[in-house]
Amino acid sequence: MARRLEKFEKLPVYQKSQELFDLADVIAESLKEDSMKEHLAIQMCSNAALIQAKIAGAEGGSLYSLRMQNAVLIKLAVQDMFNAVSFASMVKINEEDYVQLMREKVEEFRLVFVEWIRGFDKSYDIPDNWAIRFDTSTPEQEKLEELMFDEDRFFGEFNEDDEDTGDFDDFDDDSYDDEEGDDESKN
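With the first letter of the sequence shown counted as 1, position 127 gets the number 127 in the UniProt record's numbering; the numbers rise by one all the way through.
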């Protein structure tokens, strides 16, 4: 039975990440036996897999901050993968010099990656209280942050695919207060 491609797997950035993954796998297999071989192979392949996972994660959410958080992790994983290849070349534990080939693949990926993140919707975001995207030091900025968050749009995404989970208005606050009162009177 053929596996259905997920939406994110059709993206050019994901397809380029698959090329990076395949190259990392080839390089990992070509490393000479050395005490560092296993470590470098794991570093290259795990970073290549992380890139793909973070692309899927960024595509799974729509908030700009979360998508950019994944994008930063992708950038770091690409750099770590390239550093491992460069190090393997420096200490001469790879059969062939893959540094230039990896450099070319990383550059191809980078160009598609930049195009991909430029398509993120910057207007759809909420403050994350870490002041990375937002400077919350001024009242004016706080007001802008409030205006950027569209609560109906945000919560509407949760309701589109979910089944009816019941009505929260059915919860009886009075019965909850009575139960708490009963517990306090028992003490």
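No residue lacks a Cβ here, since even glycine has one placed at the ideal position from N, Cα and C.
Roughly how many angstroms lie between the CA atoms of residue i and residue j, to the nearest whole one?
i, j, result
"H39", "A49", "15 Å"
"A56", "M90", "33 Å"
"I27", "N94", "7 Å"
"S35", "S86", "17 Å"
"D125", "G61", "11 Å"
"E33", "K7", "39 Å"
"V99", "L76", "17 Å"
"S65", "A41", "32 Å"
"P127", "G156", "19 Å"
"K105", "F21", "10 Å"
"L9", "W130", "The sequence given here has Glu at residue 9, not Leu. Each residue's Cα considered, the two are about 31 Å apart."
"R103", "L5", "28 Å"
"A88", "V114", "28 Å"
Who are the Cβ neighbours of residue i in its own chain at under 8 Å, not counting the five residues just before and after it?
i, result
"D164", "Reliability of the predicted coordinates at D164 is poor, the pLDDT of 49 falling under 50, and no value is obtained from them."
"K37", "L31, I93"
"L101", "L23"
What are the start and end residues of the alpha helix (DSSP H) that includes residue i?
i, result
"S35", "Looking at the DSSP string, S35 is not in any alpha helix (DSSP H), and its letter there is neither H nor E."
"F8", "Premise fails: F8 is in no alpha helix (DSSP H) and is neither H nor E."
"W116", "99-118"
"K122", "From DSSP, K122 is part of no alpha helix (DSSP H); its letter is neither H nor E."
"S89", "64-90"
May I ask whether a heavy atom of the ligand SAH can be found less than 8 Å away from the beta carbon of residue i?
i, result
"F113", "Judged by which ligands are present, the structure shown has none, so any question about the ligand SAH falls away."
Taking 6 Å as the limit between beta carbons, can you name the residues of its chain near residue i, skipping five residues before and five after?
i, result
"I117", "A71"
"R67", "A58, F120"
"I74", "I51, K54"
"K122", "Y64"
Residues in its own chain within less than 7 Å of residue i by CB, not counting five upstream and five downstream?
i, result
"P12", "V112"
"Q69", "none"
"C45", "A24, D25, A28"
"Q43", "D80, A84"
Three CB pairs or more closer than 8 Å across the region 68-81 and the region 41-60: yes
Segment contact flag, the region 106-120 with the region 15-22, C-beta cutoff 8 Å, min 3 pairs: yes
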